[in-house]
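Asker: The opening position of the sequence shown corresponds to residue -18 in this note's numbering, with each subsequent residue numbered one higher.
Mind having a look at this structure? Questions to follow.
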Amino acid sequence: MKFSKLFIPTTKETPNDATLPSHQFLVRGGFIAQTGAGIYDFMPLGKIVLDKIRAIVKEEMDNAGANEVQFGFVTPLSLWEESGRANTMGSEMLRFKDRKNTNFVLSPTNEESVVNMVKNRITSYKDLPIHLYQINIKFRDEARPRFGLMRGREFLMKDGYSFHSSEEDLVREFNLMESTYKKIYTRLGLDFRVVAADSGAIGGSGSKEFHVLADSGEDTIVVCPDCEYGANIEAATRKPRVFDYSNSKELKKVETIDTKTIEEVANFLNISKSQTIKAVIKKAIYEDKTKIVVFFLRGDDELEETKACNAVSALELDDASENEINEAGLIAGYCGVFGLPSNITFVVDNEIKNAKGLASGANEINYHLINTDLSTLNDVKYFDLVAVQENDSCSCCGGTLKYTKGIEAGHIFQLGTKYSSAMNANFLDENGKAKPFVMGCYGIGVSRLVAAVIEQNHDEKGCIWTKETAPFMVDIIVSNSKKEDEAIAGEKIYTDLKTAGVQVLLDDRINARFGFKMGDFELIGFPYAIIIGKRLSEGFVEIVDRKTLEKTDVKVESVVSKIL
Ligand code: ATP
Ligand code: MG
Ligand code: MG
Ligand code: MG
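Shown next as structure tokens:
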């Protein structure tokens, strides 16, 4: 492909709302163009990258034995009424009426569609299992569409749905999908982690998320560098664990305790039994500051929490009644106790309505109070809390757990019979008995991955595509296309590379200066550039590695072998 023939509208202008590198560089590099809030067009380079990612996803899904299908983007609301989700999906699901006043939905996900496709078409256990998937547009009316392709309202998703005659067979497929997803992200050249997750609005029992590690990620995940253990913050359990706090980023697990009483807390913190939780806190704040208590309050019981909040502020005001002290102790036991060196953190999740009392107490002693969105954890300097998923059979080896930020790039669920039961989709088992299908569902954010690759691979000049995602592997820059020898050499190397099977772009733009072409190369982020310039007369060109920006002089005749 020739640069002069491709529509690549690069620009120096950064969109006002673009805070993330991927958003800035994908717009500036001429990959995508915004048409509305959370709605993007893909221009030629963006479409090439999107299709490459899509092709890898398709190849691995096909290898795993799944069948590609395509559901209508528009689905009748009646399907969602059948499943019961018409009432539960909330305002992310965009509904509209046609001219006959019939209600429709722009698909935010397709469990209903797939059940509708399979229902009455597969009737026997003999035809199971089956896995159907599509790579298709989704629409979710996100409350805060932002970060470019990262959180769009219209976006491309691979969504797969499997049907089984038993739970065991579902687990087999779920594990197969986990390994398939790992292959996909590995082929894309991404650093990622698999984490235990909550099932959210999709429902079902087991679920795992796949996170691309990046500081800009919206999700907080807990990972162990020594084993495969990982959990997202929503899946984090209330089970107390204790940590030896070594620095602000890392936590070393000391032991797991199951504290229920003040005595146990006191014992653990090595304070005599007669001392109360109040003393524990006082000791932490006013004395040696070697041990600090962190309460992790969650919204299981509002009354308990209200009492605890009141108790904690009363403690601070130094007029807590014995009863209040006990409440604080109970909550401390119930919620978990962590050893930290230099601050107190109360983490209160958004269910807690009456955190005011806590807040007023908290400010005076420099607590960090999180009372809305756990994603604001980023802003909390001294905060480090690790929680572990309860009953997590891939449980941690005991290594030093770390908090890190991730971009949710995929999510797999064991749905069970939630949708098949609701929609009356059954098969006949070996004994001729009708049973609802056992289902799994598996999503990958294909368009989000375009952005995720760049979040993980960029510098201050622009994108650095991984080999599998790059729109072209090599950009041949003819320094001055008006010079005949340079233009001819460019064409020759271009043809040779193409013949060798390399995806190559020839920057043959007559009126663009060298610096401009080089700037476009750095911004767009092809893995390599070949510069045809001043040393051509001596038989040399330069190869530039986009990642390191290192330049190497190479003989014209060995260019192809160097690139291969
Ligand atoms: P998030 O937590 O980021 O809102 P989700 O949990 O709602 O995502 P799922 O229902 O699990 O998303 O959908 C499967 C995948 O689709 C996600 O793992 C993610 O990669 C992608 N995805 C979800 N919402 C968006 C969006 N608004 N824009 C782009 N990709 C998205
Ligand atoms: Mg969502
Ligand atoms: Mg999510
Ligand atoms: Mg999800």
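Just so it is clear, CB atoms sit at the ideal spot from N, CA and C, and this is done for glycine as well.
Just so you know, these numbers come straight off a predicted model, no measurement behind them.
For my contact list, G170 and E436 are in at a C-beta cut-off of 8 Å; report their separation, rounded to the angstrom.
Answerer: Not quite, the Cβ-Cβ distance comes to about 13 Å (not below 8 Å), so this is no contact.
Asker: Compute the minimum distance between the beta carbon of H439 and the heavy atoms of ligand 4, and state whether it is under 6 Å.
Answerer: no
Asker: Who are the Cβ neighbours of L504 in its own chain at under 8 Å, not counting the five residues just before and after it?
Answerer: T(-9), F6, R9, G10, K442, G443, C444
Asker: Could you give the first and the last residue of the continuous alpha helix (DSSP H) run that contains Q437?
Answerer: That run of the alpha helix (DSSP H) goes 427 to 437.
Asker: Give the secondary structure of E123 by DSSP, where H, G and I count as helix, E and B as strand, and everything else as coil.
Answerer: coil
Asker: In the DSSP assignment, the alpha helix (DSSP H) including K543 goes from what residue to what residue?
Answerer: 540 to 544
Asker: Quick check: does the Cβ of H4 come within less than 6 Å of any heavy atom belonging to ligand 1?
Answerer: no
Asker: I'd like the span of the beta strand (DSSP E) that includes D526, first residue to last.
Answerer: 521 to 526
Asker: At which residues does the alpha helix (DSSP H) containing L58 begin and terminate?
Answerer: Per DSSP, the unbroken alpha helix (DSSP H) holding L58 starts and ends at 58 to 64.
Asker: What does Y142 pair with, by DSSP beta-bridge criteria?
Answerer: L113, C422
Asker: Within the continuous alpha helix (DSSP H) that includes D196, where are the two ends?
Answerer: First-last for D196: undefined, no H or E at that position.
Asker: Less than 7 Å separating the beta-carbons of G506 and W446?
Answerer: yes
Asker: Confirm the yes/no value for this check: CB of H392, any heavy atom of ligand 4, distance under 6 Å.
Answerer: yes
Asker: Is the region 114 to 121 touching the region 87 to 105 in the sense that three or more CB pairs, one from each, lie closer than 8 Å?
Answerer: yes
Asker: Relative to ligand 1, is the shortest distance from any of its heavy atoms to the C-beta of F418 smaller than 6 Å?
Answerer: no
Asker: Using only the alpha-carbon positions, how far apart do Y226 and F453 sit?
Answerer: Confidence is the limiting factor: at Y226 the pLDDT is only 31, short of 50, which leaves the residue's position unreliable and the question unanswerable from this model.
Asker: Buried or exposed, going by whether 16 or more other CB atoms sit within 10 Å of the CB of Q115?
Answerer: buried
Asker: Taking Cβ positions, are I513 and V525 nearer each other than 7 Å?
Answerer: no
Asker: Assuming A424 and H392 form a contact by the criterion Cβ under 8 Å, report the distance between their Cβ atoms to the nearest whole angstrom.
Answerer: Checking the sequence, you will find Gly at residue 424 rather than Ala. The Cβ separation is near 5 Å, so the contact holds.
Asker: Between F173 and ligand 1, is there a pair consisting of the residue's CB and a ligand heavy atom that are separated by less than 6 Å?
Answerer: no
Asker: Please tell me whether, using a cut-off of 6 Å, the distance from the CB of E389 to the nearest non-hydrogen atom of ligand 3 is below it.
Answerer: yes
Asker: Count the other C-beta atoms from every protein chain shown that fall within 10 angstroms of the C-beta of C208, then say buried if there are 16 or more, exposed otherwise.
Answerer: exposed
Asker: Kindly indicate the opening and closing residues of the alpha helix (DSSP H) around D488.
Answerer: Note, D488: premise wrong, no alpha helix (DSSP H); beta strand (DSSP E) at 485 to 488.
Asker: If we call anything under 7 Å between Cβ atoms a contact, is V541 one with L478?
Answerer: yes
Asker: Please report how far the alpha carbon of K473 lies from the alpha carbon of F(-12), in whole angstroms.
Answerer: 23 Å
Asker: With burial defined as no fewer than 16 other Cβ atoms inside 10 Å of the residue's Cβ, what is the status of F136: buried or exposed?
Answerer: buried
Asker: Using 8 Å as the Cβ pair cut-off and three pairs as the minimum, do the region 73 to 85 and the region 480 to 497 touch?
Answerer: no
Asker: Please state whether DSSP places P2 in a helix, a strand or coil.
Answerer: helix
Asker: Taking the DSSP output, what are the residues bridged to N417?
Answerer: A small fix is needed here, since residue 417 is Pro in this sequence, not Asn. DSSP, once it has assigned bridges, lists N407 as partnering P417.
Asker: Would you mind working out which of I388, K414, G500, V419 sits nearest T402, comparing C-alpha positions?
Answerer: The sequence given here has Ser at residue 402, not Thr. Out of I388, K414, G500, V419, V419 has the C-alpha closest to the C-alpha of S402.
Asker: Taking the alpha carbon of K39 as the point to measure from, which residue in S3, A(-1), Q15, G141 has its own alpha carbon closest?
Answerer: G141
Asker: Evaluate the contact criterion for the region 78 to 87 versus the region 185 to 196: three or more CB pairs, one atom per stretch, below 8 Å.
Answerer: Judged by Cβ distances under 8 Å, the region 78 to 87 makes no contact with the region 185 to 196, as fewer than three pairs qualify.
Asker: Could you give the distance in angstroms between the alpha-carbon of K(-14) and the alpha-carbon of S197?
Answerer: For K(-14) and S197, the distance between alpha carbons rounds to 35 Å.
Asker: Excluding the 5 residues preceding and the 5 following R102 in the sequence, name in chain order all residues of the same chain whose CB lies nearer than 8 Å to its CB.
Answerer: none
Asker: Can you round the beta-carbon distance between G426 and M138 to whole angstroms, since I take them to be within the 8 Å contact cut?
Answerer: 6 Å
Asker: Any heavy atom of ligand 1 inside 6 Å of the beta-carbon of G133?
Answerer: yes
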